[in-house]
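Contents: one structure, followed by commentary.
Protein chains: 2
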Amino acid sequence: MELFAEGGFEATTVAGIAERAGVTERTFFRHFADKREVLFAGEGQLEAVLVDAIAGAPADASLADLVVAALAAVGGALQDVRGRDFARVRNEIITANEQLQERELLKLAKLSHAVTAALLDRGVADVPARLAGDLVVSVFSTAFARWIAPDQTRDLVELQREGLAAISELTRVETV
Amino acid sequence: MELFAEGGFEATTVAGIAERAGVTERTFFRHFADKREVLFAGEGQLEAVLVDAIAGAPADASLADLVVAALAAVGGALQDVRGRDFARVRNEIITANEQLQERELLKLAKLSHAVTAALLDRGVADVPARLAGDLVVSVFSTAFARWIAPDQTRDLVELQREGLAAISELTRVETV
DNA sequence: TCGCTGATGTCAGAGGCTGACATCAGCGAG
DNA sequence: CTCGCTGATGTCAGCCTCTGACATCAGCGA
């Protein structure tokens, strides 16, 4: 993280990282599949939180309830895991580099798939499950981006609620 | 495309592609920024279609109207540009490789940003514009995926309409 | 015909990543 | 206590992607 923050992602070589960590380049690649993966390790926890929230919801929960439950769970979990500050530094590094954005998008897509799978497990039909997967991730990541904005003081959960309401607003008219 | 289809993306070297094309490796990299980019060249047209549809909509169009207009435009355009068969081959190559999925996701994200920007240009507020950008791309790509499924005979436009309706259904209850 | 421009070739090299093999510390079985 | 296994690390060679610098060459307008 320090090296990336100093010289940027591309300019930082794996050899440099390894040296700073006191190991070999080869050892680095045994811990991380990728140079990029350093910034995304431990992302699997988020997925677990979402999936658990959906799987653990009451039996009579509607799809909409499940969406809300999933969002509430991530919102709550993220407050503790890492501070907003860490997220900000990391985010700055990522937004400065397209390769990293690609990786982030892949992770988000996997998140979406995980949500979809969890919904399918509960008997939700295919198409709604997919779209709800996308929707959860979309609302989450939009709220997250706003949450780590420089002057933002509001709660992540609150921002998510707002986003969900906006989508609801947006789609209310379309089917007419 | 032939080489990728035969041996897969990773196993195919740029040297191999260049040789098949009768040029040098260096020349390949002057035409494509990336080995992956071969499969995504010309993607910018899609963006143009979406943006034009939004920019060219009637002045009194609501946000919902704009979403519908954008989807109708891509749906219409894609029918002609490339056949479904080409899209299928390409898709098979992409789904077989994570690197390519990353690139695809990046392209979709750019599409989303372009839509968002076009909406902002029309005076749509920030948050709705972002979410609508995601929504358009989500509906489009979900419908597209279904469109190129092996046994699918239905129209892309029709599949999109169905997806949009599903989301509308999904969000109607949440704000209560 | 000259000289410019754009596309291509050639070459060398950095950096990401992998496989194969060696080393070594720790730890449980005997 | 010692042997032998296991897992983590180091070492080495090498492939492949991608880039900068320079040379070449065809076409085209002055």
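Listed in order, the protein sequences are those of chains G and F. Every position in the first sequence, counted from 1, becomes a number in this note's numbering once 1046 is added. Every position in the second sequence, counted from 1, becomes a number in this note's numbering once 1046 is added. Glycine is no exception: its CB is placed at the ideal position from the N, C-alpha and C atoms. This one's a predicted model, so the numbers in the text were calculated from it and none came from an experiment.
Does any CB atom of chain G fall closer than 8 Å to the CB of residue i?
i: F:ILE1213; result: yes
i: F:VAL1060; result: no
i: F:VAL1120; result: no
i: F:ARG1136; result: no
i: F:ARG1149; result: yes
i: F:THR1221; result: Any reading at F:THR1221 is ruled out, since the residue's pLDDT is 47, under 50, leaving its predicted position unreliable.
Just checking my contact of residue i with residue j at CB under 8 Å: how many whole Å lie between their CB atoms?
i: F:VAL1245; j: F:VAL1173; result: With chain F covering only 1047 through 1222, there is no way to say anything about residue 1245 of chain F.
i: G:PHE1050; j: G:THR1059; result: No, G:PHE1050 and G:THR1059 are not in contact; Cβ-Cβ is about 11 Å, not under 8 Å.
i: F:ALA1155; j: F:LEU1165; result: F:ALA1155 to F:LEU1165, Cβ: 16 Å. No contact.
i: G:VAL1185; j: G:ALA1118; result: That belief does not hold up - the Cβ atoms of G:VAL1185 and G:ALA1118 are roughly 11 Å apart, past 8 Å.
i: F:GLU1150; j: F:ILE1140; result: 6 Å
i: G:ILE1063; j: G:PHE1055; result: No, G:ILE1063 and G:PHE1055 are not in contact; Cβ-Cβ is about 11 Å, not under 8 Å.
i: F:VAL1161; j: F:LEU1210; result: With 8 Å as the limit, F:VAL1161 and F:LEU1210 do not qualify as a contact, their Cβ atoms being about 14 Å apart.
i: G:ALA1101; j: G:ASP1197; result: The pair is not a contact, with the Cβ atoms about 37 Å apart (cut-off 8 Å).
Which stretch, first to last residue, makes up the alpha helix (DSSP H) that contains residue i?
i: F:ILE1063; result: 1060-1067
i: F:ILE1100; result: 1090-1101
i: F:GLN1147; result: 1144-1167
i: F:SER1187; result: 1172-1193
i: F:ARG1229; result: Here chain F has residues from 1047 to 1222 only, and residue 1229 of chain F is not among them.
i: G:GLY1053; result: 1048-1053
i: G:GLU1083; result: Looking at the DSSP string, G:GLU1083 is not in any alpha helix (DSSP H), and its letter there is neither H nor E.
i: F:THR1070; result: Careful: F:THR1070 lies outside any alpha helix (DSSP H) and carries neither H nor E.
For the ligand NAP, is there a heavy atom less than 7 Å away from the beta-carbon of residue i?
i: G:ALA1163; result: No copy of the ligand NAP occurs in the structure displayed, which carries no ligand at all.
Any Cβ of chain F within less than 8 Å of the Cβ of residue i?
i: G:ALA1116; result: no
i: G:PRO1174; result: yes
i: G:GLY1209; result: yes
i: G:GLU1204; result: no
Using a C-beta to C-beta distance shorter than 8 Å, which residues of chain G count as neighbours of residue i?
i: F:ASP1180; result: ASP1180, SER1184, THR1188
i: F:ALA1155; result: GLN1147, LEU1151
i: F:LEU1177; result: SER1184, VAL1185, THR1188, GLY1209, ALA1212, ILE1213, LEU1216
i: F:GLU1144; result: LEU1152
Give me the chain F residues within the contact set of residue i, using Cβ-Cβ distance strictly less than 7 Å, ordered along the chain.
i: G:THR1199; result: Those within 7 Å of G:THR1199 in chain F number zero; the least Cβ separation is about 17 Å.
i: G:THR1041; result: For residue 1041 of chain G there is no data in the structure shown, the boundaries of chain G being 1047 and 1222.
Listed in chain order, which residues of the region 1091-1110 of chain F have Cβ atoms closer than 9 Å to some Cβ of chain G? Cβ contacts with chain G: SER1108, LEU1109, ALA1110.
Within 8 Å of chain G by C-beta, residues of the region 1076-1089 of chain F in sequence order: Correct list: empty, as no residue qualifies.
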